[in-house]
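Peer 1: Just so you know, the sequence shown maps onto residues 85 to 285 in my numbering. By construction, the Cβ of each residue, glycine as well, lies at the ideal position given by its N, Cα and C atoms.
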Amino acid sequence: MDLVGRINGALRKVPTWPFYILCALPPFWFLFQGLSGALGVDPVKVMEHRLGELALQFLVAGLAISPMRRYLGLNLLKFRRLVGLAAFFYVCAHLLVWLVLDVQIPSQIWADILKRPYITVGMAAFALLIPLAVTSNMWSIRRMGAKWRQLHWLVYPAVLLGALHFVMLVKGFQIEPLLYMGTILVLLVLRYRPSRRRQMA
85 MDLVGRINGA LRKVPTWPFY ILCALPPFWF LFQGLSGALG VDPVKVMEHR
135 LGELALQFLV AGLAISPMRR YLGLNLLKFR RLVGLAAFFY VCAHLLVWLV
185 LDVQIPSQIW ADILKRPYIT VGMAAFALLI PLAVTSNMWS IRRMGAKWRQ
235 LHWLVYPAVL LGALHFVMLV KGFQIEPLLY MGTILVLLVL RYRPSRRRQM
285 A
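1) Assuming contact is defined by CB atoms lying nearer than 8 Å, are residue 91 and residue 166 in contact in what I supplied?
2) Please classify residue 246 as buried or exposed, where buried requires at least 16 neighbouring CB atoms within 10 angstroms.
3) Distance, Cα to Cα, residue 264 vs residue 97?
4) Can you find a heavy atom of the ligand HEM that lies under 7 Å from the Cβ of residue 153?
5) Have a look at residue 127 and residue 121 and give me their C-alpha separation to the nearest angstrom.
6) Using DSSP with H/G/I as helix, E/B as strand and the rest coil, what is residue 266?
7) By the 10 Å Cβ neighbour count, where 16 or more other Cβ atoms means buried, how is residue 175 classified, buried or exposed?
8) Assign residue 208 to one of three DSSP states: helix, strand, or coil.
9) By Cβ distance, which residues of its chain are closer than 7 Å to residue 220, with the 5 residues on each side in sequence left out?
10) Smallest Cα separation from residue 201: which of 113, 123, 86 and 250?
11) Tell me whether the beta-carbon of residue 235 lies closer than 8 Å to the beta-carbon of residue 228.
12) List, from N- to C-terminal side, the alpha helix (DSSP H) runs of 4 residues or more that fit wholly inside the stretch 208-255.
13) Taking DSSP as the reference, what is the three-state secondary structure of residue 197?
14) For residue 138, which of 152, 124, 111 and 129 has the nearest alpha-carbon?
15) Skipping 5 residues on each side, what residues in its chain have a beta carbon closer than 7 Å to that of residue 178?
16) DSSP three-state label for residue 284, please.
17) For residue 241, which residues from the same chain have a beta carbon less than 7 Å from its beta carbon, with the 5 sequence-adjacent residues on both sides left out?
18) Since I believe residue 261 is in contact with residue 254 (beta carbons under 8 Å), could you give me their beta-carbon distance rounded to a whole number of angstroms?
19) Is residue 273 buried or exposed, if buried means 16 or more other CB atoms sit within 10 Å of its CB?
20) If you compare alpha carbons, which of 148, 146 and 130 is closest to residue 118?
21) Specify, as a first and last residue, the run of the alpha helix (DSSP H) that residue 136 falls within.
Written out as structure tokens, the structure reads:
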């Protein structure tokens, strides 16, 4: 058996439930760091950034699962739901920190959403992810049938909007958000590029 086959065989034996617990821990660690003064002079902004970036990283990881299987033979499909729900969890945590610790004034929330384009884009990405998180279960898959797969295509505009939110958020020219956007675009091209088998048909 080749290396990829051995890795896939080992992954089939790995349960997913411990990773749900592990994915839930970092926000509490960030909160502890913020309360203990370990996040610098503006802990709220640091927490917002870390949670938002983790959300984007999980979205990118979810986007990479199909290309990794297609081009490398590495089968991580059993972790796709975990990765997607973790991404949504971090988006919610990112949003909660912004609402409760940053803005704080309810009347200011809608004003910021409407007046600041990067917030508008971020909220649009969040809105697209809501139905995906709600239907990430076997009952919804059986109930919706083919419509479930069509609905979950929303992840593609959602992840693009998430990356655009990051690009618009930073001040001046910074390479990090552009790397995220570039990675996402490459993964989308790999996802929809015709396979060699189709090209030969």
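Peer 2: Here's the rundown:
1) Taking the sequence shown and counting its residues from 1, one reaches residue 91 at position 7. Taking the sequence shown and counting its residues from 1, one reaches residue 166 at position 82. Contact flag unset, no.
2) Here residue 246 refers to the residue found at position 162 of the sequence shown. With 16 or more Cβ atoms within 10 Å of its Cβ, residue 246 is classed as buried.
3) The sequence position of residue 264 within the sequence shown is 180, counting from 1. The sequence position of residue 97 within the sequence shown is 13, counting from 1. About 31 Å.
4) Summarising the ligand content, the structure contains no ligands, and the ligand HEM is consequently not present.
5) The residue you call residue 127 lines up with position 43 of the sequence shown. The residue you call residue 121 lines up with position 37 of the sequence shown. Distance between the alpha carbons of residue 127 and residue 121 is about 8 Å.
6) Mapped onto the sequence shown, residue 266 falls at position 182. Of the three classes helix, strand and coil, the one that applies to residue 266 here is helix, per DSSP.
7) Start at 1 with the first residue of the sequence shown, and residue 175 comes out as number 91. Its Cβ being crowded by 16 or more others within 10 Å, residue 175 is buried.
8) Within the sequence shown, the letter at position 124 stands for residue 208. In this structure, residue 208 counts as helix in the three-state DSSP scheme.
9) Reading the sequence shown from its first residue, position 136 is the one you call residue 220. Here the set comprises 165, 168 and 169.
10) Here residue 201 is taken as the residue at index 117 of the sequence shown, counted from 1. When only C-alpha atoms are compared, the closest one is 250.
11) To locate residue 235, count along the sequence shown from 1; it is residue 151. To locate residue 228, count along the sequence shown from 1; it is residue 144. Going by C-beta atoms, residue 235 is nearer than 8 Å to residue 228.
12) 222-228, 230-235 and 239-253
13) Counted from its first residue, the sequence shown places residue 197 at position 113. Three-state DSSP puts residue 197 in a helix.
14) Against the sequence shown, residue 138 aligns to sequence position 54. Nearest of 152, 124, 111 and 129 to residue 138, Cα basis: 111.
15) Position 94 of the sequence shown, counted from the start, is the residue given in the question as residue 178. Excluding residues within five positions, the ones whose Cβ falls inside 7 Å are 132, 135, 136 and 139.
16) Numbered from its first residue, the sequence shown carries residue 284 at position 200. In this prediction, residue 284 has a pLDDT of 46, which is less than 50 and means its spatial position is unreliable; what the coordinates show is noted afterwards. Note: residue 284 maps to helix in three-state DSSP.
17) As a position in the sequence shown, residue 241 is number 157, starting the count at 1. For residue 241, where only same-chain residues beyond five positions count, the Cβ hits under 7 Å are 212.
18) The residue labelled residue 254 in the question sits at position 170 within the sequence shown. The residue labelled residue 261 in the question sits at position 177 within the sequence shown. At roughly 6 Å, the Cβ-Cβ gap stays under 8 Å, so residue 254 and residue 261 are in contact.
19) By 1-based counting over the sequence shown, the position of residue 273 is 189. That one is exposed.
20) Position 34 of the sequence shown, counted from the first residue, corresponds to residue 118. Selected option, being the one with the closest Cα: 130.
21) Here residue 136 refers to the residue found at position 52 of the sequence shown. Run containing residue 136: 127-151, per the alpha helix (DSSP H) assignment.
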